[in-house]
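These notes concern the structure reproduced below.
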Amino acid sequence: MQDNDSPKERAASSPSKPRLQNKRGPSNKAKASSASSALQKTRLYAAVDLGTNNCRLLIVERSGGLGFRVRDSFSRIVRLGEGLEASGELSEDAMARTIAALRIAASKIRRANVVRLRCVATEACRGASNGAAFIQRVRKETGLRMEIIDGQAEAELAAIGCGSLFDENVDDIILYDIGGGSTEISRMSRQNSTSPQNNDFFKLVDSDSVPLGVVRLSERHAGPGPHEHGYEGMLEESETRLKAFMDRQSDMTDMSRVQIIGTSGTVTTLAAVQLGLARYDRNVVDGCTITAENVTEVIGNLRQMSRDQLAENPCIGVQRADLVLSGCAVLEAIHTRWPVAKVSVADRGLREGLLLRMIKKDMRRSRRNRGRRRSHPSGAPNRDAPKGQNT
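Per the numbering used here, the sequence shown starts with residue 501, numbered consecutively.
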């Protein structure tokens with residue numbers, strides 16, 4: 501996917517130094533100089549994604565070009581959006597759980613000496629009446645400066661994060677991310693390069709953020725009984741809310757030229773269950789494909805289970821037992837409309853998109869700085885350097 505930022509998005513996603521107050525500063529100038537040198541060498545980046553259901557952190561080390569190696573990660577189900585559908589605001593219990601998780605994330609970021617950081621919040625904070633106030637509380641209690649991004653930005657970042665999974669043999673890609681409070685769905689279409697030196701690329705041509713999240717759907721439709729999943733109601737609502745986006749893609753008729761990529765806990769869980777894993781393994785799941793027949797079979801099997809039976813599956817567990825089928829309803833609606841032979845599974849998305857954006861901007865800055873150095877004679881001052889320094 502070609503990453504063409506709008507001016508507004510370029511400003512919003514510009515990488516910045518970590519916005520954390522570190523109380524444990526260096527003890528002397530020599531230590532500070534050594535630490536600074538180490539930072540320049542390792543170039544650690546971090547991204548925090550605060551969703552309706554999960555709080556996730558990824559810390560990586562840049563590894564040549566746009567590549568990176570994972571140095572640390574953290575994920576916790578916080579259910580920030582629990583009860584939001586009924587009350588319209590974030591509950592105190594949900595906010596307390598989330599801040600506890602964010603404190604852990606902030607501690608990891610400090611210990612890693614991260615040099616670039618971006619923290620975003622999505623649907624729960626977008627829709628809650630006290631969402632903005634909660635973001636201020638997070639900054640005060642954890643030191644993390646969160647920003648609330650809109651659905652369009654969320655969809656774009658997920659697409660960037662999944663770019664390495666794009667199939668070069670198709671014409672169109674549908675990418676969906678089923679979150680706790682919303683589903684982001686996008687279409688990328690192949691664009692022919694006008695230059696013989698450049699390959700064709702995929703461009704984001706349409707996207708939508710739909711209020712179809714696993715927490716939201718479960719709260720709307722599920723009943724108290726162990727088998728009262730409310731699946732038919734969730735499926736009907738999913739089809740209705742996705743219809744406008746689907747209808748806009750009416751020209752996509754040849755399913756052999758379409759790739760469907762799912763990036764969410766629902767899709768990765770279904771893949772792990774279908775693969776028969778004893779426990780979830782990202783290295784096995786990320787980038788795998790599952791056939792349409794297997795998707796249908798797994799969903800059918802899960803629908804027959806009680807919540808306790810779902811919780812007993814090691815790839816689902818207690819925390820996802822009451823949510824996995826609401827995600828399946830969204831997934832079924834999408835794959836009924838576009839019945840491709842197989843589904844691509846991504847255990848990546850928004851966080852990776854944030855990281856790639858930051859790395860790319862640092863690469864651009866580095867190229868500009870090299871150009872400035874070449875344009876100045878040796879020993880001549882560079883006006884762009886900080887006062888008292890020459891480059």
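Every residue, glycine too, gets a C-beta built ideally from N, C-alpha and C.
Range covered by the beta strand (DSSP E) that runs through residue i
i    : result
C555 : 554 to 562
I816 : Segment: none, I816 is in no beta strand (DSSP E) and carries neither H nor E.
P844 : In the sequence on display, residue 844 carries Ser and not Pro. Element bounds for S844: 842 to 845.
I648 : 646 to 648
Distance between residue j and residue i (C-alpha atoms, nearest Å)
i    : j    : result
G581 : V758 : 33 angstroms
A833 : L566 : 35 angstroms
M755 : V840 : 5 angstroms
Y780 : T642 : 30 angstroms
A811 : S866 : 49 angstroms
E684 : A612 : 31 angstroms
S575 : N554 : 7 angstroms
I635 : K743 : 33 angstroms
L656 : V773 : For clarity, residue 656 is Glu in the given sequence; the question names Leu instead. Rounded to whole angstroms, E656 to V773 spans 29 angstroms at the Cα level.
D884 : M863 : With a pLDDT of only 45 at D884, under 50, the local geometry of the prediction cannot be trusted, and the value read off the model is given with reservation. Taking the straight line from one Cα to the other gives about 17 angstroms.
Segment limits, alpha helix (DSSP H) that includes residue i
i    : result
E641 : 631 to 642
T836 : 824 to 837
V795 : 792 to 803
L602 : 592 to 612
E589 : Element bounds for E589: n/a, residue is neither H nor E.
V785 : 782 to 785
E623 : 623 to 627
V578 : Where V578 is concerned, there is no enclosing alpha helix (DSSP H), given that its DSSP letter is neither H nor E.
Residue i Cβ short of 8 angstroms to the ligand GDP heavy atom set
i    : result
S750 : For the structure depicted, the ligand GDP is absent and the ligand set is empty, with no information on it obtainable.
Bridge partner(s) assigned by DSSP for residue i
i    : result
R618 : A547
D572 : I559
Y676 : I685, G762
Q691 : F701
S750 : Bridge partners of S750: none, in fact.
D808 : DSSP lists no partner for D808.
D708 : I685
C-beta neighbour in chain C for residue i, strict 9 angstroms
i    : result
I678 : Looking at the structure shown, chain C is missing, and only one protein chain is on hand.
Where residue i falls, given that 16 or more other Cβ within 10 Å makes a residue buried
i    : result
E668 : exposed
G588 : exposed
V705 : exposed
D847 : buried
E736 : exposed
V727 : In the sequence under discussion, the amino acid at residue 727 is His, which differs from the Val named in the question. Classification of H727: exposed, given that the 10 Å Cβ count is below 16.
R748 : exposed
C-beta contact flag for residue i and residue j at 9 angstroms
i    : j    : result
L590 : G631 : yes
G562 : I859 : It is worth fixing the name first, because residue 562 is Arg in this sequence and not Gly. Yes, the pair counts as a contact, with Cβ atoms nearer than the cut-off.
L665 : G787 : yes
T768 : V785 : yes
L584 : R851 : no
L675 : S826 : no
I599 : R626 : no
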